[in-house]
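In what follows, a structure is listed as structure tokens, so that the remarks can point back to it.
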Amino acid sequence: MDKYKNQNTTNENKFEWSTTSLGACGGKPEAFAVNSDDMKKGCFFLGLNRIYNWAPDADKGKLVFDCSFDAGPAGSGNLDPAAVEMTVQPSIEDQSLDSFYPWKSLNANGLQPLVAVEISIVLNEATKTVKKDTETHVKCLPYYYSNGEKTQVEDSSAAKFQVIYQGKVEGE
């Protein structure tokens, strides 16, 4: 976060860490880690690797990131987790990552643009609906987005992570 805040943002093609660009996750550090009696929440940040002179194909749509719940490597991931909420910030409709490419150097373009994924576990719901040690897998990919349709960016790999609920379960 400090690297983004300390870079020179007078160039319009440099990504700025803020609540405008990352929603609530772009605020103070306390905003992206909540550990209260009724909720656990954290933010994850995603960006494309810097590839010299690569630029998204504007004919295919605008460059965005989006995430979904995934079955995970064993195929047992919870695809409809009632107690887990996931929000990509900004939404794919509001993302506009194209202006940061083609990437030439840190001096010219700064650090790569990011999107935030906010994951929340609502504890009172989790104690009623989730078995202990339930895994929820999340998969995020870069896409071209146009007219409400997403097409995965060719040769891109997914960012994958899991959320494991290890708290109390009703009836235990």
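When we follow this note's numbering, the leftmost residue of the sequence shown carries the number 19, and every step to the right adds one.
The beta-carbon is built from N, C-alpha and C at its ideal position, and this holds for glycine as well.
- Assigned with DSSP and collapsed to three states, L81 falls in strand.
- In the DSSP annotation of this structure, the continuous segment of the alpha helix (DSSP H) that includes A126 starts and ends at 124 to 127.
- Beta-bridge partners of Y161 (DSSP): V82, Q170.
- Taking each of L81, I69, E103 in turn and checking the Cα distance to I139, the smallest one comes out for E103.
- For the pair P108 and L115, the Cα-to-Cα distance works out to about 11 Å.
- Rounded to the nearest whole angstrom, the C-alpha separation of D55 and A100 is 18 Å.
- Per the DSSP secondary-structure output, N71 pairs with nothing in a beta bridge.
- Rounded to whole angstroms, T105 and I137 show a C-alpha spacing of 7 Å.
- At least 7 Å separates the beta-carbon of Y22 from that of L124.
- Inter-residue distance for G95 and C158 is about 15 Å (C-alpha atoms, whole angstroms).
- Classified as buried, L64 has 16 or more neighbouring CB atoms from the shown chains inside 10 Å of its CB.
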